[in-house]
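*Asks:*
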Amino acid sequence: MKNNSSKDKLWTVLIYANGNSDLEPEISKSLLDMERIGTGTNANVIVQLARAPYELVKTVRPNLFRRTDIDGDWSGVRRYLVKEEPDTPQSRNFQSVVLDDLGDVNMADPSTLNDFIIWGTKRFPSKHIMLILAGHGAGFMGILPDYTLKCPQIMSVNGVNVAINKATEKTGKKVDILLLDSCYMNMIETIYELGIGKKSPDYLITPQISPIEGLPYKTIMELLRETSNKDNINTFAKTLVYKIDKTLNKKKIKLKVFRLNKFLLILTKITISNISKLIIKDGVDIKKYATKLDKGFPAIDLCDLINILNNLTSSFFMLINTFILRVCIKFIQVALYEDKSNVVDSNGLFIFTPDNNYFKLIEKYYSKMSFTDNNKWIFYLSGKKDNCRFDDIPFKYTLPLPENMPIEGIKSVIISYKPNLSQNDLNVIIDDLGWSDCTKLQ
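Residue numbers (our numbering): 277 to 718.
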């Protein structure tokens, strides 16, 4: 059913809030924060909110979890139309309109995301659409894990893009902005995957690390109230990032805006492949510039692309390719307000650079990315010879199934809450969750 009252809305904001994990308390509170501000007359904000059971969250977050008592601590998945309730700041109950109660739904399934986008776009028509995905991120390994299943699962990055592309084909309405309220997603591998679809979003906004409480949704709601029909998408995206950065200033968390331009992304991949061939030939070790952001999870060995370029040798062919790559990065990464540095010299676009032992653990996951297709970068990481056969990994337009999440990823999350936890205690927690027999990273 179409909402006739929304015909003149400027924005429809679809928030896929996956609290089917240890982040349930923070994800649930974000809806309360939205209600404090509301959206005014410019937008409809629709939230598909998933809430994991209290006992699961308590088990994953030992010694840290406090019962929130938000809206009765129900579990499952519901859809809401955000309603402004500024007069009840102390309320712990949702005042927004319940549009649908879906029961227990796998939020890691791309078909669930696809259904939400189609439903929300058709029911709440508008000039522009912004899609926000809130939940854990694990770089090229995937995003939005669901812990409420027999074994935890995660949505592949390819699954996200196919869900968005197929929804656009179905509705005829493109997603203008994709905002990832998740960690570790501003890698060239994930940006490439999200940008090579036929109908990918125009802009991607993502932080390197999102605060555990999530992005400030009050700030997002305030901008939606202030924006006008005169603001183009580029201006809106930059203003949104500027305001969020200003709100999060003390946390030193910076967001970046990327243009999902298919031509530039393909040229970037080709140039990185050319550079990889040269560094293999010259025996250059660039892995020493990698920054390990998560000691418990091998998928998070990253290096800033500009940092790599600044440390390469200056042969003629290397100079040409590094120049092309700098130009590509400059146009992919949108310059932001009050950014005193040149975009090319600012951190923000990363690439996966693990050591050899970690790469052996993660290679089967990494090699599924479209970025690795016909790309000598994977030869550099794996140490394979340059004459190895390339595997053809075309972008797939059928909705993939959710993938089993490596238990090491869950262990990494648990350790982040309690770093001194022994391996034995960690295994006990996994046993308590019933996940001992689930797929391991191997």
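Idealized CB from N, CA, C, for every residue including glycine.
1. Thinking I548 and N651 are a contact (beta carbons under 8 Å), I'd like their distance in whole angstroms, please.
2. Taking the beta strand (DSSP E) that M273 falls in, what are its first and last residues?
3. Reducing DSSP to helix, strand and coil, say where Y642 ends up.
4. When we look at the beta-carbon of G710 and count the other beta-carbons within 10 Å, is it buried (16 or more) or exposed?
5. So what does DSSP say about A611, is it helix, strand or coil?
6. With a Cβ-Cβ cutoff of 8 Å, do M594 and I638 count as a contact?
7. Which of the three DSSP states, helix, strand or coil, is assigned to N680?
8. For the beta strand (DSSP E) that contains W287, what are its first and last residues?
9. Here's the rule I'm using: 16 or more other beta-carbon atoms within 10 Å means buried, otherwise exposed. How should F592 be labelled?
10. Use the C-beta contact count for I322: other C-beta atoms within 10 angstroms, 16 or more gives buried, fewer gives exposed.
11. Measure from the alpha carbon of M461 to the alpha carbon of each residue in W653, L332, K532 and F635, then state which is nearest.
12. On the DSSP letters alone, give me the boundaries of the beta strand (DSSP E) that Q429 sits inside.
13. Nearest by alpha-carbon distance to L524: which of K538, P492 and I509 is it?
14. Who are A328's beta bridge partners in DSSP?
15. Grab the span of the beta strand (DSSP E) containing G396 for me, first residue to last.
16. Since I believe S304 is in contact with G295 (beta carbons under 8 Å), could you give me their beta-carbon distance rounded to a whole number of angstroms?
17. Considering only C-alpha positions, which residue in the set V560, I509 and K519 is nearest to M406?
18. Just checking my contact of L499 with L516 at CB under 8 Å: how many whole Å lie between their CB atoms?
19. Assuming the contact rule is C-beta atoms closer than 8 Å, D521 and K514 should be a hit. Round their C-beta distance to whole Å, please.
20. What residues in its chain sit with their C-beta under 7 Å from that of S643, if we drop five residues either side in the sequence?
21. Might you give, ordered along the chain, the residues of its own chain that have their beta carbon closer than 8 Å to the beta carbon of R257, omitting 5 neighbours on each side?
22. Does DSSP put Y460 in a helix, a strand or coil?
23. Starting from F534, trace the beta strand (DSSP E) both ways and give me its first and last residue.
24. Taking the alpha-carbon positions, what's the K494 to R312 distance?
25. Can you give me the Cβ contacts of G379 inside the same chain, cut-off strictly under 6 Å, excluding the 5 residues immediately before and after it?
26. Bridge partners of N320, per DSSP?
27. At what residues does the alpha helix (DSSP H) containing V517 begin and finish?
28. Below 8 Å between beta carbons: does that hold for E679 and S486?
29. Comparing alpha-carbon positions, which option in V333, Y518 and I596 lies nearest I265?
*Replies:* In this structure, then:
1. 7 Å
2. The question about residue 273 has no answer here: the residues shown for the chain are numbered 277 through 718.
3. helix
4. So G710 ends up on the exposed side.
5. coil
6. no
7. strand
8. W287 to G295
9. F592 comes out exposed.
10. buried
11. For M461, the closest alpha carbon among the candidates W653, L332, K532 and F635 is that of K532.
12. Q429 to M431
13. P492
14. Answer is none; A328 lacks a bridge partner.
15. From DSSP, G396 is part of no beta strand (DSSP E) but of the alpha helix (DSSP H) over P386 to R399.
16. 6 Å
17. Minimum Cα distance to M406 is reached at I509.
18. 6 Å
19. Not quite, the Cβ-Cβ distance comes to about 11 Å (not below 8 Å), so this is no contact.
20. I654
21. There is simply no residue 257 to check, as the chain begins at 277 and stops at 718 in what is shown.
22. Coil, per DSSP.
23. L531 to R535
24. 7 Å
25. G352
26. T288
27. I509 to T523
28. no
29. This structure leaves residue 265 out entirely; the chain is present only between 277 and 718.
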